[in-house]
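Structure first, then comments.
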Amino acid sequence: MEKLTVPPPRSAKRNYPSLVAALQTLGYSITGFIATAVVGLDGQPIAQVTVDDIDISALCGYFSSILRGVVGSLQEGGWGDYEDTVITSVNRHILIRLVGSDKDAFHVLVTARESEPSESLEVMANVEAAIATALH
Numbered sequence: 000m001e002k003l004t005v006p007p008p009r010s011a012k013r014n015y016p017s018l019v020a021a022l023q024t025l026g027y028s029i030t031g032f033i034a035t036a037v038v039g040l041d042g043q044p045i046a047q048v049t050v051d052d053i054d055i056s057a058l059c060g061y062f063s064s065i066l067r068g069v070v071g072s073l074q075e076g077g078w079g080d081y082e083d084t085v086i087t088s089v090n091r092h093i094l095i096r097l098v099g100s101d102k103d104a105f106h107v108l109v110t111a112r113e114s115e116p117s118e119s120l121e122v123m124a125n126v127e128a129a130i131a132t133a134l135h
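In numbering that gives the first Met the number 0, the protein residues as written are 0 to 135.
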């Protein structure tokens, strides 16, 4: 099982228009969409798309900590590879998935509580290849 670590900053050129297009496609495909972002494991947002000019940048460090904690606990327990995280609050779902073969970034999606998390995860999986390609 691979250990998840924060990589050094990348010098590779990212295709931001393609990345934003993939995030917008996801946003249009999900009922109750609020925000989505691609974030480095260091918690720094790479790109985000939101409704009503919401900015989730300040939350990305917390999402990174959650992801690293979950992956670390799975590794420590020998419980298999990480797939995704679903957090449910009174009025939101927050979904997190690692993206790309390097596992150096993750995709976060925030939806209204009325959205179905399994459907949202499916849409996230469908845009994962486009996001990974745009990152590298």
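Cβ coordinates follow ideal geometry from the N, Cα and C atoms, glycine included.
Item                                                                                                        : Value
Three or more C-beta pairs below 8 Å linking the segment 105 to 124 and the segment 17 to 30                : yes
Which residues DSSP lists as bridging L94, in chain order                                                   : V85 and L108
Touch test, the segment 76 to 96 against the segment 114 to 121, Cβ-Cβ under 8 Å, three pairs minimum       : yes
Member of Q47, D52, R96 and L134 whose CA lies at the smallest distance from the CA of A124                 : R96
I33 classed as buried or exposed, judged by whether at least 16 other C-beta atoms fall within 10 angstroms : buried
Counted within 10 angstroms of its Cβ, other Cβ atoms place P7 as buried (16 or more) or exposed            : In this prediction, P7 scores a pLDDT of 47, lower than 50, which makes its location untrustworthy; no coordinate-derived value is stated.
According to DSSP, residues forming a beta bridge with T49                                                  : A34
Cβ-based neighbour list, T84, same chain, cut-off 6 Å, excluding 5 preceding and 5 following                : V69 and I95
Close Cβ partners of D52 (< 8 Å) along its chain, the five nearest in sequence each way excluded            : none
Own chain residues within Cβ distance below 6 Å of C59, not counting five before or after                   : V38, G42 and P44
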